[in-house]
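Chains as they are written, first to last, in the UniProt record's numbering: chain E, 1 to 561; chain S, 1 to 588.
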Amino acid sequence: MLRLTDLYPVLSLFLRVQRRGLLLGAVLAAATMLAGLALLGLSGWFVTATALAGLSAGSALAFDVFAPSAGIRFFAIARTAGRYGERLVTHDATLKILATLREKLFRGWSAPGAARDLVKRPARLLFRLTADIDALDSLYLRVLVPGLVAFCAALTAGIALAFLSVPLGLAVGLVLLVGGNAILFLAAGKALRPAGRRLIALEALRARTIDMVSGRTDLVMTGRLAAARAAAVHADERLGKAEDRLNRIETGTLAALGMLGACLTGGVLLAVAALAEAGAITAPVAAFGVLLTLAAVEPFAGLRRGALELGRSLLAARRIAPRLSADVEVPLSQQPAAGEALRFDGVTAAHAGAPHPVFRELSLAVERGECLAVIGASGSGKTTLLGLAAGEIPVRQGTVASLPSTLMTQRTELFEDTLRDNLKLADPDANDGRLWQALADAGLKNDIAALGGLDIVLGEGGLGLSGGQSRRLALARLFLRDTPLWLLDEPTDGLDGPTACDVLDRLAARAAEKTVVIATHLRREAAIADRIVHIDRGRIIEISRRGEAAFEMALQGLRPD
Amino acid sequence: MDHSARLSADLDDVAGKVRPQVRDALAPSSGKPSRKARHRAGPQSRRPAWLQVVAALLWLPQAAAISYAIGGIAENGSLQDAFLPVAVVVVVGCLKVLLDAFAARLAFLDARAILSRKRADALQSLAARSPLDRSAPASGLAASVVAEQADMIVPYLSRFQPARLKSTVVPLVIVAAVLPFSWMAALVLFISGPLIPIFMALIGWRAQAASEKQLVRTGSLNAFLLDRLRGLATIRALGAVDRTAIRLAEEADSLRRRTMAVLRIAFLSSAVLELFAALGVALMAVYVGFHLLGHLDIGAWGGQLSLAEGLFILLLAPAFFEPLRELAAVWHDRAAGEAALKALDELAVKGSVLLGGGDAAATLAATRCPAPSVRVEAVSFTHAGRTEPTLQAISLAVAAGERVALLGPSGCGKSTLIALIAGLAAADSGRISIGGTELTAKTADRLRRGIAFVGQKPHIFAGSVAANIGLGRPGVDGVCRDKAMRTVSFEEIARHHGPSPLGENGVGLSGGEVLRLALARAAAGEDAGLVLADEPTAHLDRQTAAGIVDGLMALSQGRTLIVATHDPLLAARMDRIVDLSSLQKEAV
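Listed below in structure tokens is the structure:
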């Protein structure tokens, strides 16, 4: 169940980041509304009072026209200036908050556990992330500010009318506050479900569009492209239904508020007529009261969008809050003993949700400067071992001690950005010379030069580079990293024989002062190692050192090129 | 009738900017827009606008009733005299809001229908883009345009026309209503009215230009995020989380600055309106006040306004400006909406396209074709945006049932040739025929039913292993899936993952498992006589690679197989090895 208290963490962040802007915006909004109220009320009073004064020449001359007409002009200009200022201040403050939110949340998601959850459904969660942040947009602009304005309007109208007659003031104030709020809360409640359905449909539309665009090769080759397109269109149909429902609620709310306004105006008109008949008020005051009421109903209509989106904002706030408070855990990786680069002591580890651990009681030590190859069949735990060493996978039992490391993942991730920025992820301070050197070391210099240099923009997933080229770019990134421990997951996989051997030679040269752990199934990669660890189903079944017969045996068992 | 016809013609002019896009939306992807579709958006969407005009004009009797009542109070009338005006205020007021609500619903439904058609059109084009086309929109950008950005179209379409019509008609009627009482008051309104749209148009155009710039950024910011979150593993591995977060904050901040630039102009446009409206009301109040005092006797056709008349004029003044203020709000919607329409239309651009529509259901159920021969004749291909051709006059003949390896260094065009044979793009020149049938846009879907394809980067869809193998193909049932999995030794992996959904992009599957899944996916297409594979063993260890080669051999039993590879073990198992780079040289 959604509760208003869900908003607290987000509101407190709002206030922490932008207290002045937010308060100033709210004050300006209220002032603007009051100026509008005063403009209409004063105008009505003025016209009526002049009409009465104009009945006799004497009173017409005695009538002070300048104070009220100056007041009217003042309120007219104040309203305009106030509105403009209010809009600028509130929007700027909101956008500043949203910028901060994006960054804070990205950091929240980048914690190891959260990152793994996220990566399972990036399209969906990305959409949620951005949509949630966007939804908080409406919290301040569409709920808090108009809410305050409507409250002030009802209060002002109530107090002003109380000068005419206390019961009238009370009645109008109550009708506005209770009636207006009842309609809005009803709308907010009714909108919860369709707003939820709308969100789900929009997520489906997004996810299906992404699946269709990214997977169209597989779809077209299986004759399912048209079906995937139809699925996306179907998501839009569901979206349309939810939007239709929301539109119906919005229109209905507006109509209800309009009818409330018409009835209230009629009621006040009747009341002032009665008060005037009883001689309690004069006609100008009656005009003032009626026109004030007309203006006081208006701010409630401004709240309807906020009411419709309240549920959405609450949901967003609830989903976002944990990521805001999550302290990004810095896994304090233990320092290994002197002379060692990496040590596993009785490590048991498992994938999240998997019943059986990948490793049980694994122990292994890697000396500084050593090059270790980890071999074993697909699924034997090579990648998990590297993940443990890099601190990406939590240890269930035992300890992992490691020097600062760089993991080169099996999948090459290239980002939609210039080649330069893709490389600079590894070393933000690198100049072009260093970048070219890294490219040369990875055997990619000539290819990049032919493609157009460091400024070429890589497409989604590194489209435009061949598999081998992407891999070499990942290697270049590794060369730019200055950590003492390199963890390489099948580094030359997908490269053709001569290039791979060339790259391995360069790798070996660059790795002279590094400790390197290579997970591999290729003979050429294992051949540069000092030791080979053979694992099978999470257990070390053999460790052999260069020069031993077992080492050669192990190499012989690997794939040649 | 004549009057309204002329007004509609004016509106056609006004809406001229919108219409072409609406027309595009309604046009079927190929061929000319149908007349019926073109007219659907027009007349239908003007009716709600006229209803809203009528609703807005119902304020006139309400204002008259209020003025009359207060005039009565000033003349010391009795409470009973107020009953009729109060009844008018309440009844007409309710009628007004109900009519307005009804009209708003109609306008929404029209606009939503247009959005649906536009989205369908963009999806159609996105689906047709060739995977080899580098200029094709990234999936993140496409999704952000199709989903969120397109949301801005409905407010624009459903509010723009009514607001435009209201701002044309309502002020004129109000001037006409004021004129009999005071030509002076009417003159004030008449002069100030037309000035406003001029200011608004000037400001609105600037807002639109600024808004287009800003919207492009929203899309790319979302694409940026999706891209980085997908590669979070790499970002973490490179210790670049902090840097990426800062970069993200910079992008968001630049978005804020651009948005504020748009808003500053957009708000200025409404501020001008506000100012005119507020000053108009103030001026009217002061004029009527001075007139009633007897200081300003001109303007009322030589007579003297009564209090009720004066109040009526005063109450109509804000209503005169109200439609213009509403239009100012829509100008911003218009800018956002038109930018969104443009972005959606850009997605609907054709670009280089796949051959055929990718719809197996639309083609005749092919009986399992025997292994076809493949003939490639002088095929050339240059990637869009590159000057160097990737393939130059390549010719290749593969006999029925033959297994051929395409060998060559990375980047020599092996994958491109495989893609061309699969009909993923049209060759610039030359012919490709499969089983004697030339590969064209017309034949592609049918020919592809006879092709099993194993790509280099198979896409893993959100869903279970079984769903990923079947991909919802009719005829691929449990039996067929099991058989396919057995063929490529995927059963154990499938059992391990069970029915739970796989991570997007194959997270949770090793590189080898992803490829084996792709093989199983290919094997499930039992009608295939030709197997195309793009470096299938590149990411597998020796043992698994050997298994895959076995699987590939089993899969291609009695079929034709063309495989791009640089794995000598795989190549050695083929009947023939073709060195693509030497083939290129020969051709040159």
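We put the beta carbon where it would ideally sit given N, CA and C, even for glycine.
Sub-8 Å separation of residue i and residue j beta-carbons
{"i": "A232 of chain E", "j": "R208 of chain E", "result": "yes"}
{"i": "T440 of chain S", "j": "L327 of chain S", "result": "no"}
{"i": "L403 of chain E", "j": "L478 of chain E", "result": "no"}
{"i": "F267 of chain S", "j": "R87 of chain E", "result": "yes"}
{"i": "L316 of chain S", "j": "T50 of chain E", "result": "no"}
{"i": "L417 of chain S", "j": "I577 of chain S", "result": "no"}
{"i": "D132 of chain E", "j": "G21 of chain E", "result": "no"}
{"i": "L187 of chain S", "j": "S43 of chain E", "result": "no"}
{"i": "S464 of chain S", "j": "S500 of chain S", "result": "yes"}
{"i": "G71 of chain S", "j": "L311 of chain S", "result": "yes"}
{"i": "S410 of chain S", "j": "Q437 of chain E", "result": "no"}
Best match in the options for proximity to residue i [C-alpha to C-alpha]
{"i": "A249 of chain S", "options": "E:R102, E:A135 and E:E490", "result": "E:R102"}
{"i": "P322 of chain E", "options": "E:G179, E:T90, E:A70 and E:L105", "result": "E:L105"}
{"i": "A393 of chain S", "options": "S:S410, S:R375 and S:G435", "result": "S:R375"}
{"i": "A500 of chain E", "options": "E:L13, E:A527, E:L4 and E:G453", "result": "E:A527"}
{"i": "E402 of chain S", "options": "S:I191, S:M553 and S:A163", "result": "S:M553"}
{"i": "L161 of chain E", "options": "E:R539, E:I281, E:T48 and E:G391", "result": "E:I281"}
{"i": "A371 of chain S", "options": "S:L532, S:L123 and S:S582", "result": "S:L532"}
{"i": "M152 of chain S", "options": "S:K342, S:T437 and S:G547", "result": "S:K342"}
Outcome for residue i when other beta-carbon atoms lying within 10 angstroms are tallied against a minimum of 16
{"i": "Q334 of chain E", "result": "exposed"}
{"i": "P428 of chain E", "result": "exposed"}
{"i": "F344 of chain E", "result": "buried"}
{"i": "A509 of chain E", "result": "exposed"}
{"i": "T387 of chain S", "result": "exposed"}
{"i": "A182 of chain E", "result": "exposed"}
{"i": "D100 of chain S", "result": "buried"}
{"i": "T5 of chain E", "result": "exposed"}
{"i": "W109 of chain E", "result": "buried"}
{"i": "G470 of chain S", "result": "buried"}
{"i": "H291 of chain S", "result": "buried"}
{"i": "S429 of chain S", "result": "exposed"}
{"i": "P299 of chain E", "result": "buried"}
CA-to-CA distance, residue j to residue i, given in whole angstroms
{"i": "D253 of chain S", "j": "V404 of chain S", "result": "55 Å"}
{"i": "A426 of chain S", "j": "L396 of chain S", "result": "17 Å"}
{"i": "E535 of chain S", "j": "H459 of chain S", "result": "15 Å"}
{"i": "M574 of chain S", "j": "D455 of chain E", "result": "41 Å"}
{"i": "K96 of chain S", "j": "T418 of chain E", "result": "58 Å"}
{"i": "A440 of chain E", "j": "N446 of chain E", "result": "8 Å"}
{"i": "L570 of chain S", "j": "V549 of chain S", "result": "6 Å"}
{"i": "L465 of chain E", "j": "A462 of chain S", "result": "26 Å"}
{"i": "A104 of chain S", "j": "R245 of chain E", "result": "13 Å"}
{"i": "S130 of chain S", "j": "A316 of chain E", "result": "37 Å"}
{"i": "G279 of chain E", "j": "Q80 of chain S", "result": "15 Å"}
{"i": "A74 of chain S", "j": "V145 of chain S", "result": "60 Å"}
{"i": "E513 of chain E", "j": "R481 of chain E", "result": "13 Å"}
{"i": "G302 of chain E", "j": "L324 of chain E", "result": "30 Å"}
{"i": "V90 of chain S", "j": "G306 of chain E", "result": "27 Å"}
{"i": "E377 of chain S", "j": "K414 of chain S", "result": "16 Å"}
{"i": "R19 of chain E", "j": "S12 of chain E", "result": "9 Å"}
{"i": "A87 of chain S", "j": "I191 of chain S", "result": "35 Å"}
{"i": "L507 of chain E", "j": "G497 of chain E", "result": "15 Å"}
8 Å contact criterion, which residue i and residue j should meet: CB distance rounded
{"i": "V488 of chain S", "j": "A520 of chain S", "result": "5 Å"}
{"i": "L414 of chain E", "j": "L238 of chain S", "result": "Actually they are not in contact, since the Cβ atoms of L414 of chain E and L238 of chain S sit about 12 Å apart, beyond 8 Å."}
{"i": "H521 of chain E", "j": "L558 of chain E", "result": "6 Å"}
{"i": "L517 of chain S", "j": "F490 of chain S", "result": "7 Å"}
{"i": "R112 of chain S", "j": "G240 of chain E", "result": "5 Å"}
{"i": "L115 of chain S", "j": "A143 of chain S", "result": "Their Cβ separation, rounded to whole angstroms, is 16 Å, which puts L115 of chain S and A143 of chain S out of contact at 8 Å."}
{"i": "V53 of chain S", "j": "L165 of chain S", "result": "6 Å"}
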